[in-house]
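See structure below.
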Amino acid sequence: GPITKAREVEIVQRLHREDQQKREEESMKRKQEKEAQEEEIRRLAVRKQGKVRPETFFRLHLDRLQREETLAEKRRMKEQQEEKKLKAESIHNRSTHNPRV
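Just so we're aligned, residue 370 is where the sequence shown starts under our numbering, counting upward by one.
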């Protein structure tokens, strides 16, 4: 049967909570990965004598920045594709003005 307004609100709220939870989990995962990468950079940058090799640290830092930029670009592309898909599938996309209304 038809979905009641209350049921529709319930569904939207549930989907919103699930999306928020997913975003928080992804954010935590990215934060943990970043911390692990930074620890790896520190570990690799230190010689046996404990001296830091700046060229190693700098190279790894640039690699991390490049990786983050690549991931951000992929995220933007995916969001744009989803937005285009939603617009293409929108019921409002094919509607026309009705002067009698």
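Heads up, the beta-carbon is just placed ideally off N, CA and C, and yes, glycines get one too.
From a predicted model like this one, the values you see are computed outputs, not experimental measurements.
Leu-429 and Leu-413 do touch by the CB rule: their CB atoms are close to 6 Å apart, below 8 Å. Annotated three-state conformation of His-461 is coil, per DSSP. If you draw a straight line from the Cα of Glu-395 to the Cα of Pro-468, it comes to about 48 Å. Counting only residues of its own chain and dropping the five nearest sequence neighbours on each side, Asp-432 has no CB closer than 8 Å to any other CB.
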